[in-house]
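Protein chains in written order, with this note's numbering: chain A, 1 to 414; chain B, 1001 to 1414.
Here's the structure, in structure tokens; my notes come after.
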């Protein structure tokens, strides 16, 4: 029943307070009963800490967009932060570029890139592996170095490349004349066995035509450079985007906000929304919880992102998802020990192991704060969906709940 | 979750019938588990009649605005009557003036007033008590009499004052030339320790500037009159408003509608929506139920408002709230005995005792009519939230439910 945007009213009602809010996103947390266990990973996992928290928390389940819609990580996170997940779009290019710590300037156009494997058939490039067998990160670095040294600019537009993990990279096109546009189609056909798509302008703006032309020239050069490489003999580009104009989270909600995430994409989303980032000593839960503890006094809102639940779900690996949940459970009490006024534990979407992909199912949601009913025997999908006091609700209301329970909202009218 | 406005469709679908509908609003009914009982007042109260009704009623919980939003009484009631609680606004001035039985004419501007205590610091008036220690109603009357005799008009605009209970009063500015505007800011800073605000025009209309000027002159004169009074040495004004244009309840729903309320504010809201008012023999539940009985044949829809649940919640007095609920429970069977086709018992918002203020929590909702599931052991928050057959839903749908169960809605299309 997602309909209106709560943000406008919240912006009017927020009031400062010294309460602390923590949002833990266990990526892809939600799941469905899976044979042969006929349980979800969250039901199957031994989670004494999550379960003890359920005794004193409010439970419910969230729908990121609306019933039946499977969200990407962008809309999934936007909704949790109170942004309209359909009307507001953060494209892949900018998420990756920012997440990889590239500096993006106004007028730049960013792209998400994949090294890939293609075969020529009748003059067409057919994608045989979109990820080039997930080449080692080290090889990725070498290839990007080579491409960067051979392609510095095209038609006066600077080409900036940066390696990511495995097959991933990000690209920025920077025009000193600011004559570029992000209205360019993807070249990634999203399926193996299909031909690479031609970058085409998506509107009548001459800048879009020009940008498409530059991308075409770039790809032709890359193909020459990589022709004899194996398996990474080409690249796919998608998610062209400039710097989006999105209301800034800290300003809208009057919250000093810190993102504690290890993956580029989630770091990118958080940066676009205006979150600060802290320096992680280690790229794991231990490092994340340590940063949370150290930054406790300097921020009001903490977004802690944990990726491994989703990764296991995407791999269809039930027991790996169980382990990922159990691993988080071990660190939960370190978070609880900080005594946040509101602690929410949920996911950005479901990733059912039987799908090996994101799903549309509601995501279990637990909110710990004063003044809830609580009394639940455990934290899992079944209990959240069937007996949660918060019901099943659109994820976009997460922020109004967190603000309300942390006493950061004034009364609405007399 | 609040979504769209059902009123337009309802208006199209309503059909006459001779069914009787009763809406009982136990103001501020909803609450949360409260130490040391770890129960809500509704759970703690001995309510044999409410509980027996739960066996044959549908239960659920309503959200007046949307998750996390704490509504004032205005939006809380508007939603119950099927009006959009954000888009439709009834301001404080007109609610109070009508509730105090003042006659309001088109072109008038009404204000809600408080006697208050101020101190002068460096030429500024600092509010030290917004309610002047809730002065006795008798003193209020005397002061209003004095002010009224000394200020009859300002710049040709008539000043009409009326005493309320304790520190409250209402004011009407009436200009024979109809040259006034209600786009004037409040002078009440809403917090003690802050300076009184200057009445300022909220738009470019010259009438707004003129009205602000008249209010300024009025306040200067009042200050002269009250300077040596203790503790009521000044007044605060808020909620400037003309007669609002709001769809009339009896016309929209084709219901002859009677309001049975004792407090000015709720009587005011009901009048603005077009409810009739009956004459109460006594300002208590006995008087209210008596009027309900006597008016039974002449009306279709009865709105019965009970204030004491909210009052106890605002005082943070758990046991007083328990008693207020038990007091209502005693009269419940007198209402049931009239055999209404639909009887709804709910609140306009929560007023958790631990907050001593309105809250955002969903409000328990009970609907007695033919064709429900029922079978609940009691009527309280936990049972309504966790097991209610109506789920948790926006309060704006109360009217469509009441109309549907009373067979006053046609089928929607073929």
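Ideal Cβ placement from N, Cα and C applies to all residues, glycine included.
8 Å CB neighbourhood of residue i in its chain, flanking five on each side removed
i, result
"residue 3/A", "Residue placement at residue 3/A is flagged as unreliable, the pLDDT there being 49, under the threshold of 50; a coordinate-derived value is accordingly withheld."
"residue 335/A", "22, 24, 289, 292, 304 and 343"
"residue 1200/B", "1184, 1185 and 1212"
"residue 1409/B", "1010, 1013, 1014, 1015, 1400 and 1403"
"residue 187/A", "196, 197, 198, 199, 215, 219, 236, 237 and 238"
"residue 406/A", "17, 19, 20, 21, 341, 342 and 369"
"residue 412/A", "9 and 13"
Contacts of residue i in chain A (Cβ-Cβ under 9 Å)
i, result
"residue 1070/B", "13, 404, 409, 410, 411 and 412"
"residue 1073/B", "413 and 414"
Cross-chain neighbours of residue i in chain A, by beta carbon under 7 Å
i, result
"residue 1067/B", "393, 397, 400 and 401"
"residue 1360/B", "404"
Residues of its chain near residue i, where Cβ-Cβ distance is below 6 Å and the 5 sequence neighbours each way are ignored
i, result
"residue 1285/B", "1331"
"residue 182/A", "109, 240, 241 and 242"
"residue 312/A", "320, 321 and 324"
"residue 79/A", "64, 85, 395 and 396"
"residue 1091/B", "1239 and 1241"
"residue 329/A", "47, 49 and 50"
"residue 1/A", "Here the model assigns residue 1/A a pLDDT of 41, short of 50, so the residue's position is not dependable and the matter cannot be decided."
"residue 45/A", "322, 325 and 326"
"residue 1366/B", "1057, 1059, 1345 and 1379"
"residue 1274/B", "1248, 1249 and 1250"
"residue 1307/B", "1027 and 1263"
"residue 1299/B", "1256 and 1258"
Bridge partners - residue i, DSSP secondary structure assignment
i, result
"residue 1259/B", "1277/B and 1303/B"
"residue 1363/B", "1062/B"
"residue 1129/B", "1117/B"
"residue 1153/B", "1158/B"
"residue 1170/B", "1112/B and 1162/B"
"residue 342/A", "21/A"
"residue 393/A", "62/A"
"residue 1034/B", "1039/B"
"residue 1368/B", "1057/B and 1343/B"
"residue 1184/B", "1201/B"
"residue 998/B", "Missing from the structure shown is residue 998/B; chain B here goes from 1001 to 1414 and no further."
"residue 14/A", "409/A"
Chain B residues whose Cβ lies nearer than 7 Å to that of residue i
i, result
"residue 371/A", "1032, 1352 and 1354"
"residue 387/A", "1386"
"residue 6/A", "1066"
Same chain, Cβ closer than 7 Å to residue i, neighbours up to 5 away in sequence not counted
i, result
"residue 278/A", "258, 260, 291 and 295"
"residue 1388/B", "1059, 1060 and 1061"
"residue 203/A", "183"
"residue 208/A", "181, 183, 184, 201 and 202"
"residue 1373/B", "1058 and 1389"
Amino acids of chain A, ordered along the chain, whose beta-carbon sits closer than 8 Å to that of residue i
i, result
"residue 1089/B", "413"
"residue 1382/B", "373 and 389"
Chain B residues whose Cβ lies nearer than 8 Å to that of residue i
i, result
"residue 319/A", "The premise fails here: residue 319/A is roughly 32 Å from chain B at the closest Cβ pair, so nothing lies under 8 Å."
Interface partners of residue i on chain B, CB under 9 Å
i, result
"residue 9/A", "1065, 1066, 1069 and 1086"
Within 8 Å, do at least three Cβ pairs link the stretch 1229-1240 of chain B to the stretch 1260-1269 of chain B? Fewer than three pairs of CB atoms, one per stretch, sit closer than 8 Å, so the stretch 1260-1269 of chain B makes no contact with the stretch 1229-1240 of chain B.
Using a Cβ-Cβ cut-off of less than 7 Å, list which residues of the stretch 219-242 of chain A approach chain B; keep chain order. Within the stretch 219-242 of chain A, no residue has a Cβ that lies closer than 7 Å to any Cβ of chain B.
Chain-ordered residues of the stretch 24-58 of chain A with a beta carbon less than 9 Å from chain B: Interface annotation for the stretch 24-58 of chain A against chain B: empty, criterion Cβ-Cβ distance under 9 Å.
Are there three or more Cβ pairs, one per stretch, closer than 8 Å when the stretch 1097-1108 of chain B is compared with the stretch 1206-1224 of chain B? No: fewer than three Cβ pairs fall under 8 Å.
Chain A contacts from the stretch 1080-1109 of chain B (Cβ-Cβ distance under 9 Å): From the stretch 1080-1109 of chain B, only 1085, 1086, 1089, 1090, 1091, 1092 and 1095 have a Cβ closer than 9 Å to chain A.
Would you call the stretch 1141-1158 of chain B in contact with the stretch 1223-1233 of chain B, where contact means no fewer than 3 C-beta pairs closer than 8 Å? Enough Cβ pairs lie closer than 8 Å, so yes.
Stretch pair the stretch 1029-1037 of chain B + the stretch 1343-1354 of chain B: three plus CB contacts closer than 8 Å: Contact between the stretch 1029-1037 of chain B and the stretch 1343-1354 of chain B is present: three or more C-beta pairs spanning the two stretches fall below 8 Å.
Are three or more beta carbon pairs between the stretch 127-136 of chain A and the stretch 155-166 of chain A nearer than 8 Å? They touch, by the three-pair rule.
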